[in-house]
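Counting from 879, one number per residue, gives the positions in the sequence shown under this note's numbering. Quick notes on the structure that follows.
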Amino acid sequence: MKKKSLLLILALWASWIGCYADEGMWIPMLLKKYNIEDMQKEGFKLTAEDIYDINQASLKDAVIGLGREGQPFFHFCTGEIISQEGLVVTNHHCAFDMIQSHSSLEHNYLRDGFWAKTKADELANPGITASILVRMEDVTDKILSRLTPEMSEQEKNQTVKAICKQLETAAVQGTNLMANIKPYFNGNQYFMSVFKIYKDVRLVGAPPSAIGKFGGDTDNWMWPRHTGDFSVLRIYAGADNEPAAYSPENKPYQPATFFKISAKGVNEGDFTMVFGYPGTTNEYLTSFAVAQLQDIENPHKIAIRTAKLNIINAAMESDELLRIKYASKAASVANSWKKWQGETKGLKRFNTVALKQTQEKAFQNWAADKKEYSSLLKQYETLYGQREKLILAASYLNEAGKRGAEIVAWANSVYTALKNNTQDWQRTKEQLTSAAREFYKDYDVATDRKILVEMLQLYNRNLTPEWIPEEVQAAARKKGISAYADALYDKSLFANEEDVLKMIEQATPETYKKLEKDPACRLALSMNVFYAEHIYPDLAGIEKEITALNQRWLAGLMEMQPEKTFYADANSTLRVAYGKVQGYSPCDGVYYQHYTTLNGIMEKDNPEIYDYNVPQKLRDLYKNKDFGPYTQNGEVPVCFIATNHTTGGNSGSPVLNEEGHLIGLNFDRAWDGVMSDIQYDPEICRNISVDIRYVLFIIDKLANAKHLIEEMEIVTD
Ligand code: ARG
């Protein structure tokens, strides 16, 4: 038998029998029912209540979801509390925007790092929130019992929305808590999470980017890895230890519990668990969806971003100020760009489409005589067929259009704010003024112009006219795109900070009408209109139908395999993943060991290459073997990999050992396995963590911030 088909059968068999060992992102309140036995078999020494308990302090009280005011339930990263005084560690890339916004040419904290000497030196980050989960509740029955088979999808959605709102309000009435209900298992179950959300989160420390982002976008998503991807924050609270808006009077938050740090070492085969806020996964997609993603969406989005990145990277190479301005933007454009490439490669390599098709055949056989399921797959096929052109057009509109050149999105947001203003006019002006200052601080017209030209070219080249907004088509006519761009930046108000500030200052409720003649605004509006008229209505309709199918599809899969324990796709709620520390073989003849060390940083050291230019101080520490106690077998460990099932949002999550002590911070996944958002494979999917001893080494030896080490509780046995 050929190796490929053997693998396919094995994979199919495993996914049929139950989840793979190590696969899954589990719900904390259900660990006792579904997982704890298995976890203990794998070496975990604590109980389910030690992880999640609502009557006494448990590990969950030390895990925080990092969010933003206005959208506090979307956790862009995870962090964990490591001292009685609210000290938090998360990733460097999670705090990157905060570090950047405190940086200037005089105080270049991105380049040089930042360490607050005293608490008074810690820097406020307006708008950043830290959520702590107070409790969870299964509210499935309360919601589903109110739906009837006679209801249309729309009625169902409205009913669910209304009940969720009621339940959320009732759950936190008279408290300072916030409740949020989310669908799980494609809407077959609902859980409510109740949070306490702290609003004063300060920056305590960050290593230089040459450590925190060592390897940069070159090494991103790759193993072996040598990134010290950590930063230090602190939560502040009011005098009563409750959430309070920023005030210099606030006090460090006193947590119910905090993570002890283990310095005893990490070995292959050790139990590990990751406790955090994974954002989105799609493990139950059909073959139609996977094929469309890997063959249409991903390749086009990758190509658009490649073009964008070529321009941004050249600008950053050319000038130190441009490097600061574009650092954060480049990192975020590059991050998904690279992930999509790894994902596409993995899906193809592991034949996910074929695997799904085989499963679907089995489903179809089972469902043949079941009215509610028998036509599901046929319906999927039809809908994905209709979706293909629309999703391609939407991808261009988003990637090359609205999020192509920055001037387009910026003009659009100013226009919309002025047009739709419902609040006090003065307040709107103040908000817009500060948004404008933020925007222009990191904006470069020449770079943006190059991006616009490239985006308009791609747009016109790769889509047929029926899918291209009028103004984008017009740009390619007459004198051509380059001349169009020259004229746009020449004439548009939005190319000039002073002009925009003046316009905002003098703005009246009529001003937006004048903006409609501005070329940047006109381009943005043409895209909006095109989206609203030619893409959104059909696409949204199809997506709604697909969502409804997804619910039945998963219900059917569960009914067909009653013995299998399913896990819910990630949805930015608190989850536990567990597995073991383990290397892997990316291809024939190669085995990657499970850890890296400081030696590897020195091997990569090259002052000529920006991503590999090691700070002199780190070179000196290495030369003098000034490692302190932070070694294993005489070497300073830097990163390690394990089989925990993680995704975006898990960044900064605590990686714990069998005793629930902190051994690392999750920050990435390894290239060969990033398709795990769609298909997890235990042979190859690995999460990457920075070893907590490297974090301590940098804080202690490089930053000389011993006072922070003293705040922590470090155990060595
Ligand atoms: N890949 C990691 C994540 O998805 C790290 C991203 C930040 N690092 C970078 N080099 N862009 O968030």
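Every residue gets a Cβ at the ideal spot worked out from N, C-alpha and C, and that includes glycine.
Just tell me which of the options has its CA closest to the CA of residue i.
i: Glu-927; options: Gly-1457, Arg-1013, Lys-1297 and Leu-988; result: Arg-1013
i: Glu-854; options: Ala-1385, Glu-1376, Asp-1320 and Asn-1406; result: As displayed, the chain neither begins before 879 nor continues past 1595, which places residue 854 out of reach and without an answer.
i: Leu-988; options: Pro-1085, Leu-1452 and Ile-932; result: Pro-1085
i: Ala-940; options: Gln-962, Lys-923, Pro-1485 and Glu-920; result: Gln-962
i: Cys-1563; options: Gln-1460, Ile-905 and Ile-1541; result: Gln-1460
i: Ile-1010; options: Gly-1154, Asp-1097, Ile-905 and Gln-918; result: Gly-1154
i: Lys-995; options: Ala-1583, Gly-1467 and Ile-1592; result: Ala-1583
i: Glu-1486; options: His-1104, Asp-1148, Glu-1195 and Val-1231; result: Glu-1195
i: Leu-1255; options: Lys-1234, Gln-1044 and Asp-1016; result: Lys-1234
i: Arg-1103; options: Phe-1545, Tyr-1558, Pro-1560 and Lys-1579; result: Phe-1545
i: Asn-1484; options: Phe-1228, Phe-922 and Phe-1092; result: Phe-1092
i: Val-1492; options: Met-1151, Gly-1094 and Trp-1218; result: Gly-1094
i: Leu-1089; options: Asn-1098, Thr-1105, Asp-1078 and Ile-1075; result: The question names Leu, but residue 1089 in the sequence shown is Ile. Of the listed residues, the one whose Cα sits closest to Ile-1089 is Thr-1105.
i: Tyr-1462; options: Arg-1547, Thr-1524 and Asp-1107; result: Arg-1547
i: Leu-1432; options: Asn-1128, Asp-931, Tyr-1204 and Phe-1241; result: Phe-1241
i: Lys-1179; options: Ala-1271, Thr-1521 and Pro-1121; result: Ala-1271
i: Asn-1299; options: Lys-1357, Ile-1382 and Ile-1359; result: Ile-1382
Quick check on residue i: buried or exposed, where buried means 16 or more other Cβ atoms within 10 Å of its Cβ?
i: Leu-983; result: exposed
i: Glu-1588; result: exposed
i: Ile-895; result: Because Ile-895 sits at a pLDDT of 41, beneath the cut-off of 50, its placement in the model cannot be relied upon, and the following sentence gives the value as read from the coordinates. Ile-895 should be labelled exposed.
i: Tyr-1362; result: buried
i: Leu-937; result: buried
i: Arg-1265; result: buried
i: Gly-964; result: buried
i: Met-1070; result: buried
i: Gly-1457; result: buried
i: Ser-1087; result: buried
i: Glu-1277; result: buried
i: Ile-1202; result: buried
i: Met-879; result: Here the model assigns Met-879 a pLDDT of 43, short of 50, so the residue's position is not dependable, and the following value carries that caveat. Burial call: exposed.
i: Thr-1026; result: exposed
i: Asp-1595; result: exposed
i: Thr-956; result: buried
i: Glu-1388; result: exposed
i: Lys-1369; result: exposed
i: Asn-933; result: exposed
i: Ser-893; result: At Ser-893, the pLDDT of 47 sits below 50, so the modelled position is not reliable; the number obtained from the coordinates is stated separately. Its Cβ being crowded by 16 or more others within 10 Å, Ser-893 is buried.
i: Ala-1446; result: buried
i: Lys-1039; result: exposed
Closer than 6 Å: is that where the CB of residue i sits relative to any heavy atom of the ligand ARG?
i: Asn-1188; result: no
i: Trp-1099; result: yes
i: Gly-1526; result: yes
i: Ser-1009; result: no
i: Ala-1209; result: yes
i: Asp-1546; result: yes
i: Asp-1095; result: yes
i: Asn-1484; result: no
i: Ser-961; result: no
i: Asn-1160; result: no
i: Asn-1565; result: no
i: Asn-1213; result: yes
i: His-971; result: yes
i: Ser-1529; result: yes
The alpha helix (DSSP H) with residue i in it runs from where to where?
i: Cys-1016; result: Residue 1016 is actually Asp in this sequence, not Cys. First-last for Asp-1016: 1006-1016, but that is the beta strand (DSSP E), not the alpha helix (DSSP H).
i: Asp-928; result: 926-929
i: Gly-1457; result: Premise fails: Gly-1457 lies in the beta strand (DSSP E), 1453-1458, not in any alpha helix (DSSP H).
i: Thr-1311; result: 1303-1319
i: Thr-1184; result: 1176-1196
i: Leu-1379; result: 1375-1383
i: Ala-1057; result: Run containing Ala-1057: none in the alpha helix (DSSP H); it sits in the beta strand (DSSP E), 1056-1062.
i: Ser-1360; result: 1359-1369
Taking the beta strand (DSSP E) that residue i belongs to, which residues open and close that run?
i: Gln-1036; result: Here Gln-1036 belongs to no beta strand (DSSP E); instead the alpha helix (DSSP H) covers 1031-1050.
i: Glu-958; result: 955-959
i: Gln-1067; result: 1067-1076
i: Val-1468; result: 1468-1470
i: Leu-988; result: Here Leu-988 belongs to no beta strand (DSSP E); instead the alpha helix (DSSP H) covers 987-990.
i: Tyr-1390; result: No beta strand (DSSP E) holds Tyr-1390; the alpha helix (DSSP H) holding it covers 1389-1393.
(request) Count the C-beta pairs between the segment 1168-1180 and the segment 1216-1223 that are closer than 8 Å, then say yes if the count reaches three, no if not. (result) yes
(request) Determine contact between the segment 1445-1452 and the segment 1053-1065, defined as no fewer than three beta-carbon pairs at a distance below 8 Å. (result) yes
(request) Report yes or no: do the segment 1469-1478 and the segment 1179-1195 share at least 3 C-beta pairs separated by less than 8 Å? (result) no
(request) Count the C-beta pairs between the segment 1565-1581 and the segment 1505-1520 that are closer than 8 Å, then say yes if the count reaches three, no if not. (result) yes
(request) Report yes or no: do the segment 903-918 and the segment 1512-1521 share at least 3 C-beta pairs separated by less than 8 Å? (result) no
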